[in-house]
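Notes to accompany the following structure.
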Amino acid sequence: MTPQTPTETSPIALPEEVQRFNLTFRIQHAVMAGSFLVLFFTGWALKFHEVQGSAAWIDLWGGPKAAGIVHRVAGITMLIDSLFHLGYLAYRAARGKLRWDIIPDWQDGKDAYNNVRYFLGLAQDKPRFRRFNYLQKFDYWAVFWGIFVIGASGLALTFPTKAAVIFPAWTTDWIWELIYVMHSDEALLAIVFILFWHFYNEHLRPDVFPMSWIWITGRMSVDELRERHPLEFERLFPGHATRHDAAAAAPPVADAAPDSTVGTPS
Amino acid sequence: MRTSKRVVWLSALLPLGIAWNTPTAQGDNLSCLICHNALEGTFTAQDGKPAHLHVDGEKYAASVHGDLECTTCHMTFVDNPHGTPEEEVDESIVKLSVAVARKSPRDPIALAACVQCHDDIYQEVRESVHGANILQKGESDGPLCLDCHGSPHEITRAEGASSTSPVAYRHVVATCGRCHEQKSISLKYGFSTDIIARYDESFHGKKYLLGGTQSPVCTTCHGTHRVRSQRDPEALVHGANRLKLCGQCHPGANEKFVAAITHKPVGKDNPIPYYAEKTLIILTFLVISACALHVLLDIYALIRTTLLVRKYRGKP
Numbered sequence: 001m002t003p004q005t006p007t008e009t010s011p012i013a014l015p016e017e018v019q020r021f022n023l024t025f026r027i028q029h030a031v032m033a034g035s036f037l038v039l040f041f042t043g044w045a046l047k048f049h050e051v052q053g054s055a056a057w058i059d060l061w062g063g064p065k066a067a068g069i070v071h072r073v074a075g076i077t078m079l080i081d082s083l084f085h086l087g088y089l090a091y092r093a094a095r096g097k098l099r100w101d102i103i104p105d106w107q108d109g110k111d112a113y114n115n116v117r118y119f120l121g122l123a124q125d126k127p128r129f130r131r132f133n134y135l136q137k138f139d140y141w142a143v144f145w146g147i148f149v150i151g152a153s154g155l156a157l158t159f160p161t162k163a164a165v166i167f168p169a170w171t172t173d174w175i176w177e178l179i180y181v182m183h184s185d186e187a188l189l190a191i192v193f194i195l196f197w198h199f200y201n202e203h204l205r206p207d208v209f210p211m212s213w214i215w216i217t218g219r220m221s222v223d224e225l226r227e228r229h230p231l232e233f234e235r236l237f238p239g240h241a242t243r244h245d246a247a248a249a250a251p252p253v254a255d256a257a258p259d260s261t262v263g264t265p266s
Numbered sequence: 267m268r269t270s271k272r273v274v275w276l277s278a279l280l281p282l283g284i285a286w287n288t289p290t291a292q293g294d295n296l297s298c299l300i301c302h303n304a305l306e307g308t309f310t311a312q313d314g315k316p317a318h319l320h321v322d323g324e325k326y327a328a329s330v331h332g333d334l335e336c337t338t339c340h341m342t343f344v345d346n347p348h349g350t351p352e353e354e355v356d357e358s359i360v361k362l363s364v365a366v367a368r369k370s371p372r373d374p375i376a377l378a379a380c381v382q383c384h385d386d387i388y389q390e391v392r393e394s395v396h397g398a399n400i401l402q403k404g405e406s407d408g409p410l411c412l413d414c415h416g417s418p419h420e421i422t423r424a425e426g427a428s429s430t431s432p433v434a435y436r437h438v439v440a441t442c443g444r445c446h447e448q449k450s451i452s453l454k455y456g457f458s459t460d461i462i463a464r465y466d467e468s469f470h471g472k473k474y475l476l477g478g479t480q481s482p483v484c485t486t487c488h489g490t491h492r493v494r495s496q497r498d499p500e501a502l503v504h505g506a507n508r509l510k511l512c513g514q515c516h517p518g519a520n521e522k523f524v525a526a527i528t529h530k531p532v533g534k535d536n537p538i539p540y541y542a543e544k545t546l547i548i549l550t551f552l553v554i555s556a557c558a559l560h561v562l563l564d565i566y567a568l569i570r571t572t573l574l575v576r577k578y579r580g581k582p
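As they're listed, the protein sequences go chains A and B. Just so it is clear: in the first sequence, position 211 is 211 by the numbering used here, and no numbers are missing. Offset between the second sequence (1-based) and the numbering used here: plus 266.
Right under this line is the structure:
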């Protein structure tokens, strides 16, 4: 547990795993995922009400009235979760424990370009990613867009008479159609995005199948960190070779536990 | 059950019944059903007016009017063969029968006869947009009693979740749709096209179609026998009346709230939601395409690395 000062001759002992997400972040993610699935399951049948089986599916949720209540409760849970996330980030920032490296920068664009070159066989190696790669950043920020568009329209649809008080009079000819379209079409985008993108990257990829357990444990094996986030690996464990084969030659230090704060997004 | 047995039994006497040529006895529909229960199809007489000959005796007996005699409504058919002069019928019924003849050409008297018992409803229908169109303007579009309530010999109660009545909660939207889904009628009378489709897409309609029992249907907002044009100041959905109407389910409904339901299709005449939807569809398409392409490239690279590069540096 004692942090060692890495030197050229004696680098910090390599742990088995590093912690990437603390319990609070994991709970936020679990609440987000759970409420997302409930919203997906109840909302899908509403959007595609004319499809055979939708009514039977809604019956499983206790009929349209009950399904509507479940949908609204899940939506408000998701909004509270999102607000909590922002508040928690602010809290950490105030205490100087927030690294701002989730914010996309120019390097992410270069990484994406180089990754596609690697995919096509035009580059020998994958780009060397930092703590969060461009895929993960996209995944993260997409939620902000979704929460804003779907959450705002969903609140208006949940409390329509209250929303009507706020809407300016000149919007009444189109505002209801607009928020309906926003809610319905953006939700479809969010669901298909999650099914394509998130499921592939975090569940179906051969190296994570059936899923990346990081959402439960918060920890990532140091080998995976070295493979997928080499620059973060180098930042945490200076002096260690990044290359997997080079590390395999180095003597493993199994009993050295990671400093639990080392890898958290702090 | 008894009726059908008797009908079967009496059917054997069918030729005899015709030969007798007697007026029907009071309280006995069998003289009519003895033939009409067995008859099928439509018969068109020399005057060109079609007669639907079949009456299902069992269904009639089970209907709300099952206790009435045939001649209560079919006043001019007391004789067999049918042919009593119309002078015997009450003058007001005859007058009404002329007005409704377009809707029931064979025996308009029988259609007009509804008012004998349902005069209160007749007064409502007469003032409604449906009734006025036929009775005052002489059009043939628009429903009278049977167009909504179905075959006069099979009318059942509309209450109850399992009611098969065309005006029961479960069926009334489809019943209204029989006319209101027709584009020609929508255009002729200047109400928005695709009304039923738009209702189906609305929150009210979706909830209804998914099995909702409290979501409003056509008649909830537009009324039943009193239905008015939305341009009629007395219509429930007209102007300020809407505040009260919507407020029944949505307390605190204001003018901006009640503007939500229009039944109008989203078209270029309402550009903001129209183009917002187009934009969102394009955005969805682009995002999903980019994601799918990225996933496919990733899979391609994974396969290539696994198959072709022997010394793959990743995990086994």
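Just so it is clear, CB atoms sit at the ideal spot from N, CA and C, and this is done for glycine as well.
Starting from valine 266 of chain B, trace the alpha helix (DSSP H) in both directions and tell me its first and last residue. No answer is possible for residue 266 of chain B: the residues shown for chain B start at 267 and end at 582.
Which residues, in chain order, does the region 416 to 437 of chain B contribute to contact with chain D at a C-beta distance below 7 Å? Absence of chain D from the displayed structure is noted, the protein chains being A and B.
For aspartate 333 of chain B, count the other beta carbons within 10 Å of its own beta carbon; 16 or more makes it buried, fewer makes it exposed. Which is it? Exposed is the call here.
Counting only the same chain and skipping the five closest in sequence on each side, list residues whose C-beta sits under 7 Å from that of alanine 567 of chain B. Within its own chain, no residue has a Cβ closer than 7 Å to the Cβ of alanine 567 of chain B once the five positions on either side in sequence are excluded.
Complete beta strand (DSSP E) runs within the region 166 to 230 of chain A (minimum length 3 residues, chain order): Whole beta strand (DSSP E) segments, 3+ residues: 219 to 221.
Taking 8 Å as the threshold, find out whether the region 161 to 178 of chain A comes into contact with the region 520 to 532 of chain B through three or more Cβ pairs. Result yes; three or more Cβ-Cβ pairs closer than 8 Å.
I want to know whether the region 471 to 479 of chain B touches the region 372 to 383 of chain B - three or more CB-CB distances under 8 Å. By the Cβ rule, the region 471 to 479 of chain B does not count as touching the region 372 to 383 of chain B, because fewer than three pairs are nearer than 8 Å.
To the nearest angstrom, report how far apart lysine 403 of chain B and alanine 365 of chain B are at their CA atoms. Distance from the CA of lysine 403 of chain B to the CA of alanine 365 of chain B, rounded to the nearest whole angstrom, comes to 10 Å.
Can at least three beta-carbon pairs, one atom from the region 418 to 436 of chain B and one from the region 446 to 457 of chain B, be found at a separation below 8 Å? The region 418 to 436 of chain B is not in contact with the region 446 to 457 of chain B.
Looking at the structure shown, is proline 127 of chain A part of a helix, part of a strand, or coil, going by DSSP? In this structure, proline 127 of chain A counts as coil in the three-state DSSP scheme.
Three-state secondary structure (DSSP) at glutamine 19 of chain A? In the structure shown, glutamine 19 of chain A sits in a strand (DSSP, three-state: E or B).
Where alanine 558 of chain B meets chain A, residues with beta-carbon distance less than 7 Å: Correct list: Phe196.
Quick check: is the beta carbon of glutamate 16 of chain A nearer than 7 Å to any beta carbon in chain B? Answer no: the Cβ-Cβ gap between glutamate 16 of chain A and chain B never drops below 7 Å.
For glutamine 292 of chain B, which residues in the same chain have their Cβ closer than 7 Å to its Cβ, ignoring the five residues on either side in sequence? With a pLDDT of only 40 at glutamine 292 of chain B, under 50, the local geometry of the prediction cannot be trusted, and no value is derived from it.
Measure from the alpha carbon of histidine 488 of chain B to the alpha carbon of each residue in B/Phe469, B/Ile461, B/Arg368, then state which is nearest. Ranking the options by Cα distance to histidine 488 of chain B, first place goes to B/Ile461.
Can you pull the chain B residues whose beta carbon is under 8 Å from the beta carbon of threonine 161 of chain A, in chain order? In chain order: His516, Pro517, Gly518, Ala519, Asn520, Phe523.
Out of B/Asp373, B/Phe309, B/Ala542, point me to the one whose CA is closest to threonine 338 of chain B's CA. Nearest option by C-alpha distance: B/Asp373.
Proximity below 7 Å, CB of histidine 49 of chain A to CB of lysine 472 of chain B: The answer is yes: Cβ separation under 7 Å.
Nearest-angstrom Cα separation, counted from phenylalanine 41 of chain A out to arginine 268 of chain B: Note that arginine 268 of chain B scores a pLDDT of 49, beneath 50, so its modelled location is shaky and nothing firm can be said.
Between the region 101 to 124 of chain A and chain B, which residues of the former have CB atoms less than 8 Å from a CB of the latter, in chain order? With the criterion set as a beta carbon lying under 8 Å from some beta carbon of chain B, the members of the region 101 to 124 of chain A are Val116, Tyr118, Phe119, Leu120, Gly121, in sequence order.
By DSSP's criteria, alanine 317 of chain B is part of a beta bridge. Which residues make up the other side? In the DSSP assignment, alanine 317 of chain B is bridged to B/Phe309.
Assigned exposure category for arginine 226 of chain A - 16 Cβ within 10 Å defines buried: Per the 10 Å Cβ criterion, buried.
Whole-number beta carbon distance between leucine 509 of chain B and leucine 502 of chain B, since they are thought to touch under 8 Å: 11 Å between Cβ atoms; not a contact.
Whose Cβ in chain A lies nearer than 7 Å to the Cβ of proline 539 of chain B? Within 7 Å Cβ-Cβ: Trp174, Glu177, Leu178, Val181.
Going along the chain, which residues of its own chain have a beta-carbon closer than 6 Å to the beta-carbon of arginine 343 of chain A, five neighbours each way excluded? An answer regarding residue 343 of chain A cannot be provided, because it is not within the stretch 1 to 266 covered by chain A.
Between the region 108 to 127 of chain A and the region 62 to 69 of chain A, can you find at least three pairs of beta-carbon atoms closer than 8 Å? Judged by Cβ distances under 8 Å, the region 62 to 69 of chain A makes no contact with the region 108 to 127 of chain A, as fewer than three pairs qualify.
Go to leucine 490 of chain B, then tell me how far its alpha helix (DSSP H) extends in each direction, as first and last residue. Here residue 490 of chain B is threonine; the residue named in the question, leucine, does not match the sequence. Here threonine 490 of chain B belongs to no alpha helix (DSSP H), and DSSP marks it neither H nor E.
Taking beta-carbon pairs under 7 Å, can you tell me which members of the region 142 to 169 of chain A lie near chain B? So the list reads Pro160, Thr161, Ala164, Val165, Phe167, Ala169, given in the order they occur along the chain.
Between histidine 340 of chain B and alanine 376 of chain B, is the Cβ-Cβ spacing less than 7 Å? Yes, the Cβ-Cβ distance between histidine 340 of chain B and alanine 376 of chain B is below 7 Å.
How would you label threonine 459 of chain B, buried or exposed, when you count the other beta carbons within 10 angstroms and need 16 or more for buried? Flag for threonine 459 of chain B reads buried.
Using 10 angstroms around the beta-carbon of threonine 342 of chain B, count the other beta-carbons present and answer buried if the total reaches 16, otherwise exposed. Threonine 342 of chain B is buried by the Cβ-count criterion.
Relative to the alpha-carbon of arginine 494 of chain B, which residue among B/Glu447, B/Lys325, B/Asn399 has its alpha-carbon at the smallest distance? From the listed residues B/Glu447, B/Lys325, B/Asn399, the smallest Cα separation to arginine 494 of chain B is found for B/Asn399.
Chain B within 7 Å of aspartate 139 of chain A, Cβ atoms only: Not an interface residue.
In the DSSP assignment, find the alpha helix (DSSP H) that holds valine 524 of chain B and state where it starts and stops. Where valine 524 of chain B is concerned, the enclosing alpha helix (DSSP H) stretches over 521 to 524.
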